[in-house]
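Number of protein chains: 2
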Amino acid sequence: MSVTAAQGFRAAGVAAGLKASGAPDLALVVNDGPDHHGAAVFTSNRVEAAPVTWSRQVASDGRVDAVVLNSGGANACTGAQGFADTHTTAEKVADVLGVSAGDVVVCSTGLIGELLPMPSLLEGVERAAGALAVDGGLDAATAIKTTDTVPKLAQVERDGWTVGGMAKGAGMLAPSLATMLVVVTTDAVVPAGELDGILRAATAVTFDRIDSDGCQSTNDTVLLLASGASGVAVDPADLRTAVTEVCASLARQLIADAEGANHDIAIEVRTAASEADALEVARAIARNNLFKCAVFGNDPNWGRVLAAVGTTRAAFAPHELDVSINGIQVCRAGGVGEDRALVDLTPREVHVVVDLHAGDRAVTVWTNDLTHEYVHENSAYSS
Amino acid sequence: MSVTAAQGFRAAGVAAGLKASGAPDLALVVNDGPDHHGAAVFTSNRVEAAPVTWSRQVASDGRVDAVVLNSGGANACTGAQGFADTHTTAEKVADVLGVSAGDVVVCSTGLIGELLPMPSLLEGVERAAGALAVDGGLDAATAIKTTDTVPKLAQVERDGWTVGGMAKGAGMLAPSLATMLVVVTTDAVVPAGELDGILRAATAVTFDRIDSDGCQSTNDTVLLLASGASGVAVDPADLRTAVTEVCASLARQLIADAEGANHDIAIEVRTAASEADALEVARAIARNNLFKCAVFGNDPNWGRVLAAVGTTRAAFAPHELDVSINGIQVCRAGGVGEDRALVDLTPREVHVVVDLHAGDRAVTVWTNDLTHEYVHENSAYSS
């Protein structure tokens, strides 16, 4: 499972003492080749953490030999010392693995504005290197958890080749409490130049379409690594499909484990003039605190959906809008439809369908409700 | 006080039976002249309520004789019948007052997607007309409350002329639970053509700079009415200053009474390259749920401020950002500043200062924290 499902990868997860709890907090993923292709997508937040700045450079040449990930500290807003610490971490990984530091991606997640305890971290790197195993994927996925209650793993098998992955957090576009970190691996043989396009195509329709709480992290990173160890040359289109499946599974798991959420909400915007319109409308609904509170209260308050739609620039006429919630068309032609009392919001999964009647494009964005537990988790301690 | 502080205005507030609680829910404000100048600013939400559609037309010729306002129902997303009901309401007011329906502004607030109980409402209009009084301002302000715990009133006295006003809700740009409705009156003598510019200048730096929860209503309306009853001709610039003072007071009261809020947060963005940049940054912080939860938890989590700043397109360099919270510079040059433990977040009022070091423009936006009580109020019942 996880990042070691594909051949050619070893992984480990250890407790390096970065978390006060003593829980595992350092993961290492190594690509043993023969290929060492890597591609990455990072947060678009302009205030980016030191490991993001470092790893952008590492990934830019398309070669990645190893990834070291730590929870227990984001190493963001930590200035020159923070960047030096990331560099030192990569050098240490390079040293113990016998690779170049310039091929080591570094990912961090945790509190912003604190320096990492480097002696502990470097000692943890040594132990992680010693623990590397071809079945270490679960340990690695466990070590990158922050407020996640479960590790997130995914895997798809094809004819002779495999794609696997792990994730933590709650969303690329707009992660919750802390950062989203994702590592996807494959043993498919694929030209190095194809990897970046495959990863961007996959994230655009998966991680970019989940939005737990509208907030964006300084550390988000999604990596795709290819070892070629299966020996099976794969059509890039087939690999894109498989990588997208893995990313979709991980994205759905992130929403299902989002902080304090009681409902997972699929917002499907249909009959839009363009995909961009559909996305803008879906995201506006996904970020509307009043709507999200209503869902928490099992209240099918479609007026809040329309009020959110009305804030967008998408093509639509207000008197043509239709809204269904869990199969009941509560709003028809911009006005009252079926009785809202017919809507059952007790299941965890909620399906909202909005028809703009302006074209034939559709998009689904996943979000969560806004709950007491969300407020508690994000107010009760620094995170 | 309130809308009857200025000469030439009468007002009333009655219980028309629109609210199940039996609390006052219908207000009437009448301009007895000699001038009947009026200007209005409405929600920019494209899904606008029937009374907004109606009142846009009424205010467009610069003459307003009366305003009827109801709580207990937004009359939004109610189709042709909803618009007919607004029209009928204006006709009724016109009838009992002996004015033209085309000079009667209608404002509604409450649940979206429900038709108003018109017999009750029209009977209430009759009783409100009978109760009109030159000291009826407090009654009117009380009748437009929804989740407001107190009526909001303001007044400034100048040399022989007065500006007064009332408000309900939580913010023009982004009101909470329901709608923001504001009526400001003056007895100053001012050319009719000046009123619109004065109102827009005042709202731009007051109601447009409060943002309680990032949500935008379908019904927001701000009115400025001038009776000329003082007989004092006033320089438009002086009137603009006075109207801005009244609007600023009302805006501050809205934030202080926002749903479930424990803290009022002033976000001051300084040394920006432009006012637009400063506004974009301030609003991004004001809408960040993680930051708002942290303030609720008395946690000076400046990393969440920087993460919000980083989502904007404003001119700044991440390594130059400074952030102070309640006088303690917790972030200096994009990194760790003074000890965050020195910040005292126990007072209700919180002052966040962000320096972009990109110019000399500054803006302050007010918002609230995100609390358990906010979630409760917006999930426990349809609103």
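Chains as they are written, first to last, in numbering that gives the first Met the number 0: chain A, 0 to 382; chain B, 0 to 382.
Even for Gly, the Cβ is constructed at its ideal location relative to N, Cα and C.
DSSP lists A:L152 and A:V182 as the bridge partner or partners of A:M165. Setting aside the 5 residues that flank it on each side, B:V162 is surrounded in the same chain by V155, T185, A241, V242 and V245, each with a C-beta closer than 6 angstroms to its C-beta; the list follows chain order.
Counting the other CB atoms within 10 Å of its CB gives B:P190 a total below 16, which places it among the exposed residues.
When B:V322, B:A314 and B:A130 are compared, the shortest CA-CA separation from B:D359 is found for B:A314. The CB of A:D158 never comes closer than 8 angstroms to any CB in chain B; the least such distance is about 43 angstroms.
Shown here for A:L152: same chain residues with a beta carbon closer than 6 angstroms to its own, the five before and five after excluded, namely M0, S1, A140 and M165 in chain order.
Beta-bridge partners assigned by DSSP to B:D263: B:E348 and B:N367. Annotation for A:I324: no alpha helix (DSSP H) segment contains it, though the beta strand (DSSP E) segment containing it runs D321 to I324. With respect to A:T202, A:V349 sits apart: the two C-beta atoms are not nearer than 8 angstroms.
Comparing C-alpha distances from A:V362 to each of A:A379, A:L278 and A:N300 shows the shortest one belongs to A:L278. Straight-line measurement puts the Cα of B:R303 at about 16 angstroms from the Cα of A:S107. Within the segment 274–295 of chain B, the residues whose Cβ lies closer than 9 angstroms to any Cβ of chain A are, in chain order, R286, N287, N288, L289, F290, K291, C292, A293, V294 and F295. Apart from the 5 residues on each side of it in sequence, A:R126 sits with its Cβ closer than 7 angstroms to the Cβ of V13 in its chain, given in chain order. For A:C106, the pairing in a beta bridge is given by DSSP as A:L68. Assignment of beta-bridge partners to A:L224 by DSSP yields A:G37 and A:T184. Using a Cβ-Cβ cut-off of 9 angstroms, B:L110 is close to N300 and G302 of chain A, given in chain order. Along the segment 272–299 of chain A, the beta strand (DSSP E) does not occur as any fully enclosed run of 3 or more residues. About 5 angstroms separates the beta carbon of A:G136 from that of A:A10, a gap short enough to meet the 8 angstroms contact definition. Nearest neighbour of A:G296 by Cα position, chosen from A:L344, A:P317, A:E258 and A:G334, turns out to be A:L344. When C-beta atoms of the segment 332–339 of chain A are compared with those of the segment 246–257 of chain B, fewer than three pairs fall below 8 angstroms, so the two segments do not count as touching.
Closest option to A:A142, judged by alpha-carbon separation, among A:V124, A:T270 and A:D158: A:V124. Where B:A11 is concerned, the enclosing beta strand (DSSP E) starts and stops at F8 to V13. Shown here for B:L27: same chain residues with a beta carbon closer than 6 angstroms to its own, the five before and five after excluded, namely A11, V67 and A127 in chain order. Between the alpha carbons of B:G78 and B:K167 lies a distance of about 25 angstroms.
Going by beta carbons, B:I264 and B:V294 fall inside the 8 angstroms limit. When DSSP states are grouped into helix, strand and coil, B:L25 belongs to the strand group.
With its beta carbon at least 8 angstroms from every one in chain B, A:T345 lies outside the interface. Under DSSP, B:A132 shares a beta bridge with B:A10. Residues of chain B whose Cβ lies closer than 8 angstroms to the Cβ of A:C246 do not exist; the shortest such Cβ separation is about 23 angstroms. At a cut-off of 8 angstroms, the C-beta of A:A379 has a neighbouring C-beta in chain B. In the DSSP assignment, B:I209 forms a beta bridge with B:W365.
When secondary structure is reduced to three states using DSSP, B:D359 falls in the coil class, being assigned neither helix nor strand. CA-CA distance, A:V46 to A:G259, rounds to 26 angstroms. Assigned with DSSP and collapsed to three states, A:G334 falls in strand. Sorting B:D354, B:E193, B:N287 and B:L110 by C-alpha distance to the C-alpha of A:C214 places B:N287 at the top. Of all alpha-carbon atoms in A:I324, A:Q80, A:G159 and A:G129, the one lying nearest the alpha-carbon of A:A4 is that of A:G159.
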